[in-house]
Amino acid sequence: MKSVFLDRGPEGKRQNAILNTNVPVPEPAEGQVLIQVKSCGLSLVRVDILEELQLGKECLPIGREVAGVITKIGGGVTRCKVGDEVASLLPVDATCSGCAEYCVANEYDIVIKPMRVSFHDAAAGIGDSVRAFTALHYLARVCAGDTVLVINGATSSGTIAMQLAQHWGAKVLATASSQEERIFLESFKPELAQVIETDQSKKYALIQQCIEETGGLGVDCILDDGVSMFPKEEEDPALSPRKQKKLRTLPTKHEVISALGVGGRWVTTQADLQIDPPDSRLLHMRCASVSYLNHAVWNLSCGQLGRYLHILQSAIDKLADGVLRPNISRCVSLDEACEAYNKLPSQTIGKTVIEM
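Taken in order, the sequence shown gives residues 1 to 356; the numbers are from full-length UniProt numbering.
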(Lines of atoms letter the chains of each structure in order from A; the text may use other names.)
(Lines give C-alpha, C1' and ligand atoms only; values in the text may rest on other atoms or scores of the structure.)
Protein backbone atom coordinates (compact mmCIF):
# COMPACT_ATOMS: atom_id res chain seq x y z
CA MET A 1 0.00 0.00 0.00
CA LYS A 2 0.99 3.69 -0.25
CA SER A 3 1.95 5.57 2.91
CA VAL A 4 3.52 8.95 3.68
CA PHE A 5 6.33 9.34 6.23
CA LEU A 6 8.48 12.18 7.52
CA ASP A 7 12.12 11.60 6.60
CA ARG A 8 14.37 13.22 9.23
CA GLY A 9 17.66 11.79 8.02
CA PRO A 10 20.22 9.91 10.15
CA GLU A 11 20.79 12.90 12.47
CA GLY A 12 17.19 14.13 12.58
CA LYS A 13 17.98 17.39 10.77
CA ARG A 14 15.77 16.93 7.70
CA GLN A 15 11.99 17.46 7.66
CA ASN A 16 10.93 16.07 4.27
CA ALA A 17 7.74 14.12 3.57
CA ILE A 18 8.25 11.01 1.42
CA LEU A 19 5.76 8.64 -0.23
CA ASN A 20 6.50 4.94 0.20
CA THR A 21 4.58 2.78 -2.27
CA ASN A 22 5.62 -0.61 -0.90
CA VAL A 23 4.39 -0.65 2.71
CA PRO A 24 2.69 -3.85 3.93
CA VAL A 25 -0.91 -3.49 5.11
CA PRO A 26 -0.77 -3.53 8.95
CA GLU A 27 -2.54 -6.24 10.94
CA PRO A 28 -4.78 -5.17 13.85
CA ALA A 29 -3.57 -6.48 17.22
CA GLU A 30 -5.70 -7.18 20.30
CA GLY A 31 -8.10 -4.26 20.82
CA GLN A 32 -7.28 -2.68 17.45
CA VAL A 33 -9.13 -2.19 14.15
CA LEU A 34 -7.90 -1.87 10.57
CA ILE A 35 -9.28 1.22 8.82
CA GLN A 36 -9.42 1.75 5.07
CA VAL A 37 -8.65 5.47 5.07
CA LYS A 38 -10.94 7.66 2.97
CA SER A 39 -9.68 11.07 4.15
CA CYS A 40 -6.84 12.33 6.33
CA GLY A 41 -6.38 15.81 7.79
CA LEU A 42 -2.80 17.06 7.51
CA SER A 43 -1.03 18.54 10.53
CA LEU A 44 2.63 18.98 11.33
CA VAL A 45 4.26 16.02 13.13
CA ARG A 46 4.88 16.78 16.81
CA VAL A 47 8.58 15.96 16.68
CA ASP A 48 9.14 17.73 20.01
CA ILE A 49 6.78 15.37 21.86
CA LEU A 50 8.19 12.27 20.15
CA GLU A 51 11.72 13.26 21.13
CA GLU A 52 10.56 13.91 24.71
CA LEU A 53 9.10 10.39 24.74
CA GLN A 54 12.34 9.10 23.20
CA LEU A 55 10.43 7.95 20.12
CA GLY A 56 12.23 10.16 17.61
CA LYS A 57 13.15 7.93 14.65
CA GLU A 58 14.59 8.53 11.21
CA CYS A 59 11.13 8.03 9.64
CA LEU A 60 8.02 9.24 11.45
CA PRO A 61 4.35 8.62 10.52
CA ILE A 62 2.38 11.55 9.12
CA GLY A 63 -1.34 12.13 9.62
CA ARG A 64 -3.26 11.53 12.85
CA GLU A 65 -6.77 12.74 11.88
CA VAL A 66 -8.42 10.06 9.76
CA ALA A 67 -11.85 8.97 8.60
CA GLY A 68 -12.64 5.72 6.85
CA VAL A 69 -14.26 2.29 6.94
CA ILE A 70 -13.34 -0.58 9.27
CA THR A 71 -12.24 -3.59 7.21
CA LYS A 72 -10.90 -5.87 9.97
CA ILE A 73 -11.02 -6.08 13.76
CA GLY A 74 -8.64 -7.60 16.28
CA GLY A 75 -9.53 -9.77 19.23
CA GLY A 76 -11.54 -8.27 22.07
CA VAL A 77 -12.99 -5.37 20.06
CA THR A 78 -16.58 -4.67 21.14
CA ARG A 79 -17.29 -1.02 20.28
CA CYS A 80 -17.45 -1.41 16.50
CA LYS A 81 -17.69 -3.94 13.67
CA VAL A 82 -16.47 -4.47 10.12
CA GLY A 83 -18.16 -2.01 7.74
CA ASP A 84 -18.61 0.80 10.28
CA GLU A 85 -17.69 4.29 9.10
CA VAL A 86 -15.48 5.88 11.75
CA ALA A 87 -13.33 8.90 12.55
CA SER A 88 -10.18 8.61 14.60
CA LEU A 89 -7.47 10.75 16.14
CA LEU A 90 -4.44 8.50 16.21
CA PRO A 91 -2.13 8.82 19.23
CA VAL A 92 1.01 10.89 18.79
CA ASP A 93 3.12 7.76 19.32
CA ALA A 94 1.29 5.74 16.63
CA THR A 95 3.56 3.51 14.55
CA CYS A 96 1.63 3.73 11.27
CA SER A 97 0.73 6.80 9.22
CA GLY A 98 -2.86 7.96 8.96
CA CYS A 99 -1.87 9.46 5.62
CA ALA A 100 -1.99 6.05 3.95
CA GLU A 101 -4.42 3.69 2.27
CA TYR A 102 -4.83 1.69 5.50
CA CYS A 103 -4.01 2.31 9.16
CA VAL A 104 -4.66 0.62 12.50
CA ALA A 105 -6.23 2.33 15.50
CA ASN A 106 -7.11 1.36 19.04
CA GLU A 107 -10.86 0.88 19.49
CA TYR A 108 -10.78 3.60 22.17
CA ASP A 109 -9.34 6.13 19.71
CA ILE A 110 -12.26 5.93 17.27
CA VAL A 111 -15.82 7.19 17.14
CA ILE A 112 -18.64 6.10 14.82
CA LYS A 113 -19.14 8.69 12.06
CA PRO A 114 -22.75 9.80 11.48
CA MET A 115 -23.93 9.41 7.89
CA ARG A 116 -24.55 13.16 7.53
CA VAL A 117 -20.86 13.92 8.20
CA SER A 118 -18.67 13.47 5.12
CA PHE A 119 -15.33 11.70 5.35
CA HIS A 120 -13.35 14.86 4.58
CA ASP A 121 -15.27 16.94 7.16
CA ALA A 122 -14.72 14.25 9.80
CA ALA A 123 -10.99 14.06 9.07
CA ALA A 124 -10.62 17.84 8.92
CA GLY A 125 -12.56 18.50 12.11
CA ILE A 126 -11.88 15.72 14.61
CA GLY A 127 -8.38 16.78 15.70
CA ASP A 128 -9.10 20.51 15.88
CA SER A 129 -12.33 19.80 17.79
CA VAL A 130 -10.46 17.80 20.44
CA ARG A 131 -7.97 20.66 20.69
CA ALA A 132 -10.76 23.23 21.09
CA PHE A 133 -12.62 21.19 23.74
CA THR A 134 -9.38 20.71 25.67
CA ALA A 135 -8.47 24.39 25.56
CA LEU A 136 -11.85 26.01 26.12
CA HIS A 137 -13.58 23.55 28.45
CA TYR A 138 -10.95 21.63 30.39
CA LEU A 139 -8.33 24.41 30.67
CA ALA A 140 -10.11 27.77 30.33
CA ARG A 141 -13.57 26.78 31.65
CA VAL A 142 -15.23 29.10 29.14
CA CYS A 143 -18.93 29.78 29.75
CA ALA A 144 -21.68 32.08 28.47
CA GLY A 145 -20.82 35.77 28.80
CA ASP A 146 -17.04 35.30 28.69
CA THR A 147 -14.89 37.21 26.22
CA VAL A 148 -12.46 34.98 24.31
CA LEU A 149 -9.53 36.11 22.17
CA VAL A 150 -8.24 33.60 19.59
CA ILE A 151 -4.81 34.38 18.16
CA ASN A 152 -4.59 33.60 14.41
CA GLY A 153 -8.27 32.74 14.18
CA ALA A 154 -8.13 31.92 10.45
CA THR A 155 -6.14 28.72 11.05
CA SER A 156 -8.09 25.45 11.03
CA SER A 157 -7.78 25.06 14.80
CA GLY A 158 -8.62 28.72 15.41
CA THR A 159 -11.79 28.46 13.32
CA ILE A 160 -13.10 25.48 15.30
CA ALA A 161 -12.21 27.16 18.61
CA MET A 162 -14.13 30.31 17.63
CA GLN A 163 -17.20 28.29 16.61
CA LEU A 164 -17.20 26.31 19.86
CA ALA A 165 -16.77 29.43 22.01
CA GLN A 166 -19.63 31.17 20.18
CA HIS A 167 -21.81 28.08 20.60
CA TRP A 168 -21.26 28.26 24.36
CA GLY A 169 -22.33 31.91 24.43
CA ALA A 170 -18.94 33.64 24.58
CA LYS A 171 -18.07 36.86 22.78
CA VAL A 172 -15.16 36.10 20.43
CA LEU A 173 -12.34 38.30 19.18
CA ALA A 174 -9.66 37.10 16.75
CA THR A 175 -6.39 38.33 15.32
CA ALA A 176 -5.34 38.45 11.66
CA SER A 177 -1.78 38.86 10.43
CA SER A 178 -2.52 39.42 6.73
CA GLN A 179 -5.12 40.93 4.42
CA GLU A 180 -6.36 37.45 3.40
CA GLU A 181 -6.87 36.42 7.03
CA ARG A 182 -8.70 39.67 7.82
CA ILE A 183 -11.09 39.19 4.86
CA PHE A 184 -11.80 35.61 5.95
CA LEU A 185 -12.46 36.59 9.58
CA GLU A 186 -14.65 39.58 8.68
CA SER A 187 -16.89 37.25 6.64
CA PHE A 188 -17.07 34.72 9.50
CA LYS A 189 -20.57 33.65 10.59
CA PRO A 190 -21.77 34.20 13.29
CA GLU A 191 -20.04 37.57 13.17
CA LEU A 192 -17.02 38.10 15.43
CA ALA A 193 -17.00 40.92 17.96
CA GLN A 194 -13.67 42.26 16.68
CA VAL A 195 -10.94 41.37 14.19
CA ILE A 196 -7.57 42.70 15.37
CA GLU A 197 -4.74 43.17 12.87
CA THR A 198 -1.35 42.20 14.28
CA ASP A 199 1.12 43.14 11.56
CA GLN A 200 4.17 45.33 12.31
CA SER A 201 2.32 48.60 11.61
CA LYS A 202 -0.29 47.83 14.28
CA LYS A 203 2.00 47.80 17.33
CA TYR A 204 0.05 47.49 20.61
CA ALA A 205 -3.26 47.22 18.71
CA LEU A 206 -3.94 43.94 20.54
CA ILE A 207 -3.95 45.53 24.00
CA GLN A 208 -5.82 48.66 22.94
CA GLN A 209 -8.63 46.91 21.09
CA CYS A 210 -9.09 44.21 23.76
CA ILE A 211 -9.37 46.89 26.44
CA GLU A 212 -11.76 48.99 24.32
CA GLU A 213 -13.96 46.01 23.39
CA THR A 214 -14.35 44.98 27.05
CA GLY A 215 -14.93 48.46 28.47
CA GLY A 216 -11.52 48.56 30.12
CA LEU A 217 -11.89 45.18 31.86
CA GLY A 218 -9.74 42.91 29.66
CA VAL A 219 -10.66 39.55 28.13
CA ASP A 220 -11.51 36.42 30.12
CA CYS A 221 -9.58 33.92 27.99
CA ILE A 222 -6.78 34.07 25.43
CA LEU A 223 -5.99 31.07 23.24
CA ASP A 224 -2.65 31.70 21.56
CA ASP A 225 -0.85 30.21 18.57
CA GLY A 226 2.56 30.75 20.12
CA VAL A 227 4.08 34.00 21.39
CA SER A 228 7.15 36.10 20.70
CA MET A 229 9.17 35.62 23.87
CA PHE A 230 12.17 37.91 23.47
CA PRO A 231 12.64 41.43 22.00
CA LYS A 232 14.11 41.39 18.47
CA GLU A 233 13.81 37.58 18.41
CA GLU A 234 12.47 37.75 14.86
CA GLU A 235 15.75 39.36 13.72
CA ASP A 236 17.84 36.32 14.67
CA PRO A 237 19.81 35.44 11.47
CA ALA A 238 19.80 31.76 12.48
CA LEU A 239 16.01 31.61 11.96
CA SER A 240 14.47 30.88 8.57
CA PRO A 241 12.66 33.78 6.80
CA ARG A 242 9.37 31.91 7.31
CA LYS A 243 9.96 31.65 11.08
CA GLN A 244 10.99 35.31 11.28
CA LYS A 245 7.82 36.36 9.47
CA LYS A 246 5.61 34.37 11.86
CA LEU A 247 7.34 35.78 14.94
CA ARG A 248 6.69 39.33 13.69
CA THR A 249 2.94 38.68 13.72
CA LEU A 250 2.77 36.94 17.11
CA PRO A 251 2.00 38.96 20.25
CA THR A 252 4.62 39.27 22.97
CA LYS A 253 4.15 37.73 26.41
CA HIS A 254 3.58 41.19 27.88
CA GLU A 255 0.88 42.02 25.31
CA VAL A 256 -1.01 38.80 26.06
CA ILE A 257 -0.90 39.31 29.83
CA SER A 258 -1.83 43.00 29.53
CA ALA A 259 -4.94 42.09 27.52
CA LEU A 260 -6.21 39.72 30.25
CA GLY A 261 -8.85 40.79 32.74
CA VAL A 262 -9.07 39.92 36.43
CA GLY A 263 -9.18 36.14 36.80
CA GLY A 264 -8.25 35.76 33.12
CA ARG A 265 -7.01 32.47 31.67
CA TRP A 266 -4.18 32.29 29.16
CA VAL A 267 -4.05 28.99 27.25
CA THR A 268 -0.73 28.70 25.46
CA THR A 269 0.75 26.31 22.90
CA GLN A 270 4.27 27.67 23.56
CA ALA A 271 5.97 24.63 25.11
CA ASP A 272 9.15 26.54 26.04
CA LEU A 273 7.37 29.58 27.48
CA GLN A 274 9.50 31.58 29.93
CA ILE A 275 7.70 34.01 32.22
CA ASP A 276 9.98 36.67 33.69
CA PRO A 277 9.41 38.14 37.20
CA PRO A 278 7.74 41.38 35.94
CA ASP A 279 5.26 39.37 33.85
CA SER A 280 4.72 36.96 36.73
CA ARG A 281 3.86 39.88 39.02
CA LEU A 282 1.44 41.20 36.39
CA LEU A 283 -0.29 37.80 36.29
CA HIS A 284 -0.41 37.77 40.09
CA MET A 285 -1.98 41.24 40.25
CA ARG A 286 -4.71 40.07 37.87
CA CYS A 287 -5.17 36.75 39.70
CA ALA A 288 -4.72 35.28 36.21
CA SER A 289 -3.50 31.82 35.23
CA VAL A 290 -1.49 30.15 32.46
CA SER A 291 -2.37 26.70 31.10
CA TYR A 292 -0.32 24.69 28.62
CA LEU A 293 -2.28 23.17 25.73
CA ASN A 294 -1.18 19.72 24.55
CA HIS A 295 -4.26 17.89 23.32
CA ALA A 296 -2.10 14.89 22.33
CA VAL A 297 -1.92 13.97 26.01
CA TRP A 298 -5.39 12.38 26.17
CA ASN A 299 -4.49 9.09 24.52
CA LEU A 300 -1.08 8.92 26.19
CA SER A 301 -2.76 8.20 29.54
CA CYS A 302 -4.91 5.11 30.02
CA GLY A 303 -6.58 6.82 32.99
CA GLN A 304 -8.24 9.42 30.72
CA LEU A 305 -9.86 7.15 28.12
CA GLY A 306 -13.42 7.71 29.35
CA ARG A 307 -13.09 11.48 29.25
CA TYR A 308 -11.34 11.28 25.86
CA LEU A 309 -14.15 9.16 24.37
CA HIS A 310 -16.64 11.73 25.68
CA ILE A 311 -14.71 14.49 23.88
CA LEU A 312 -14.60 12.48 20.62
CA GLN A 313 -18.34 11.81 20.78
CA SER A 314 -19.18 15.45 21.56
CA ALA A 315 -16.93 16.59 18.71
CA ILE A 316 -18.47 14.30 16.07
CA ASP A 317 -22.01 15.17 17.28
CA LYS A 318 -21.32 18.89 16.88
CA LEU A 319 -19.87 18.26 13.42
CA ALA A 320 -23.05 16.36 12.54
CA ASP A 321 -25.28 19.16 13.89
CA GLY A 322 -23.39 21.84 11.97
CA VAL A 323 -22.23 23.61 15.13
CA LEU A 324 -18.62 22.99 14.10
CA ARG A 325 -17.77 23.50 10.43
CA PRO A 326 -14.18 22.73 9.39
CA ASN A 327 -12.49 25.29 7.17
CA ILE A 328 -10.99 23.13 4.42
CA SER A 329 -8.63 25.16 2.24
CA ARG A 330 -7.95 22.37 -0.26
CA CYS A 331 -8.28 18.64 -0.89
CA VAL A 332 -5.44 16.76 -2.60
CA SER A 333 -4.71 13.16 -3.57
CA LEU A 334 -2.33 10.85 -1.72
CA ASP A 335 0.23 11.28 -4.52
CA GLU A 336 0.27 15.03 -3.81
CA ALA A 337 0.46 14.62 -0.03
CA CYS A 338 4.23 15.14 0.26
CA GLU A 339 4.14 18.49 -1.49
CA ALA A 340 1.10 19.53 0.58
CA TYR A 341 2.81 18.56 3.85
CA ASN A 342 5.96 20.50 3.03
CA LYS A 343 3.83 23.63 2.50
CA LEU A 344 2.06 23.36 5.88
CA PRO A 345 4.42 25.71 7.81
CA SER A 346 3.40 28.60 5.53
CA GLN A 347 -0.35 27.79 5.54
CA THR A 348 -2.27 30.31 7.65
CA ILE A 349 -5.86 29.73 6.53
CA GLY A 350 -7.80 26.48 6.74
CA LYS A 351 -6.96 22.79 6.64
CA THR A 352 -5.45 20.58 3.95
CA VAL A 353 -7.19 17.22 3.55
CA ILE A 354 -5.83 14.15 1.74
CA GLU A 355 -8.50 12.16 -0.10
CA MET A 356 -7.81 8.55 -1.06
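Every residue gets a Cβ at the ideal spot worked out from N, C-alpha and C, and that includes glycine.
ask   = In the DSSP assignment, what residue or residues form a beta bridge with Cys221?
value = Beta bridge pairing from DSSP links Cys221 with Val148, Arg265.
Counted within 10 angstroms of its Cβ, other Cβ atoms place Cys40 as buried (16 or more) or exposed = It counts as buried.
ask   = In whole angstroms, what is the alpha-carbon distance linking Leu324 and Ile160?
value = Going from the Cα of Leu324 to the Cα of Ile160 covers about 6 Å.
Where Asn174 sits in the DSSP three-state scheme = According to the sequence as given, residue 174 is Ala; it is not Asn. Strand at Ala174.
request  = Grab the span of the alpha helix (DSSP H) containing Leu312 for me, first residue to last.
outcome  = Run containing Leu312: 305-321, per the alpha helix (DSSP H) assignment.
query = Less than 7 Å separating the beta-carbons of Ala174 and Gly153?
reply = Note that the C-beta distance between Ala174 and Gly153 is below 7 Å.
message = Let's see if you can read the secondary structure: which residues bound the beta strand (DSSP E) around Cys338?
response = Note, Cys338: premise wrong, no beta strand (DSSP E); alpha helix (DSSP H) at 337-342.
key: alpha helix (DSSP H) segments (min. 4 residues) lying fully within the segment 74-134   = Complete alpha helix (DSSP H) runs here, min 4: 119-133.
request  = Would you please state the rounded distance, in angstroms, between the beta carbons of Pro61 and Ser97? I believe it to be under 8 Å.
outcome  = For a cut-off of 8 Å, the C-beta gap from Pro61 to Ser97 is around 4 Å, short enough to register as a contact.
request  = Run the CB neighbour count on Pro26, radius 10 Å, all protein chains shown included, and call it buried at 16 or more, exposed below.
outcome  = So Pro26 counts as buried.
Neighbour-count burial assignment, Gln179, 16 or more Cβ in a 10 Å radius = The residue in question, Gln179, is exposed, as its Cβ has fewer than 16 Cβ neighbours within 10 Å.
key: Contacting residues, own chain, Cβ-Cβ under 6 Å from Val117 (five flanking each side not counted)   = Cβ within range, chain order: Leu319, Ala320.
request  = Under 8 Å by Cβ, that's how I've got Ala67 and Phe119 pegged, so tell me the actual separation to the nearest angstrom.
outcome  = Contact flag correct, Cβ pair sits at about 4 Å.
task = Within 10 angstroms of the Cβ of Gln274, are there 16 or more other Cβ atoms? Answer buried if so, exposed if not.
result = Per the 10 Å Cβ criterion, exposed.
key: From Leu6, Gly322, Ser314, Glu107, residue whose alpha carbon lies closest to that of Asp84   = Among Leu6, Gly322, Ser314, Glu107, the Cα nearest to that of Asp84 belongs to Glu107.
message = Rounded to whole angstroms, what is the Cα-Cα separation between Gly264 and Glu51?
response = Answer to the nearest angstrom: the Cα atoms are 32 Å apart.
task = Find the nearest neighbour of Tyr138 within the set Pro114, Pro345, Tyr292, judged by alpha-carbon distance.
result = Closest option to Tyr138, Cα to Cα, is Tyr292.
key: Extent of the continuous alpha helix (DSSP H) run through Ser156   = That run of the alpha helix (DSSP H) goes 156-167.
request  = Please classify Thr249: is it buried, with 16 or more other beta-carbons within 10 angstroms of its beta-carbon, or exposed?
outcome  = Label assigned to Thr249: buried.
query = Taking 6 Å as the cut-off, is the CB of Val256 close to at least one heavy atom of the ligand COA?
reply = Because no ligand of any kind appears in the structure shown, any question about the ligand COA cannot be addressed here.
key: Cβ neighbour criterion (16 or more within 10 Å) applied to Gly169   = Gly169 comes out exposed.
ask   = Within this structure, are the beta carbons of residue 360 and Ala105 separated by less than 7 Å?
value = This structure cannot settle anything about residue 360, because the visible part of the chain is limited to 1 through 356.
query = Excluding five sequence neighbours on each side, which residues of the same chain lie with their C-beta closer than 6 Å to the C-beta of residue 369?
reply = With the chain running from 1 to 356 in the structure shown, residue 369 is simply not present.
query = Do you know how far the Cα of Leu149 is from the Cα of Thr269?
reply = Their backbone Cα atoms lie some 14 Å apart in a straight line.
ask   = Terminal residues of the continuous alpha helix (DSSP H) containing Ser258?
value = Per DSSP, Ser258 belongs to the alpha helix (DSSP H) from 253-259.
task = Check each candidate in Met1, Ala17, Lys2 and name the one with the smallest Cα separation from Arg8.
result = Among Met1, Ala17, Lys2, the Cα nearest to that of Arg8 is on Ala17.
message = According to DSSP, is Gln179 part of a helix, a strand, or is it coil?
response = Here Gln179 sits in helix by DSSP.
message = According to DSSP, simplified to helix, strand and coil, what is Thr352?
response = Note: Thr352 maps to strand in three-state DSSP.
inquiry  = Taking a contact to mean a Cβ-Cβ separation below 7 Å, would you say Gly218 touches Leu260 in this structure?
reply    = Yes. Within cutoff.
message = For Val37 and Cys80, which I take to be in contact (beta-carbon distance under 8 Å), what is that distance rounded to the nearest angstrom?
response = With 8 Å as the limit, Val37 and Cys80 do not qualify as a contact, their Cβ atoms being about 15 Å apart.
task = Return the CA-CA distance between Gln194 and Glu58, expressed in angstroms with no decimal places.
result = Rounded to whole angstroms, the gap between the alpha carbons of Gln194 and Glu58 is 44 Å.
request  = Could you tell me whether the Cβ atoms of Glu30 and Gly63 are closer together than 7 Å?
outcome  = No, the Cβ-Cβ distance between Glu30 and Gly63 is not below 7 Å.
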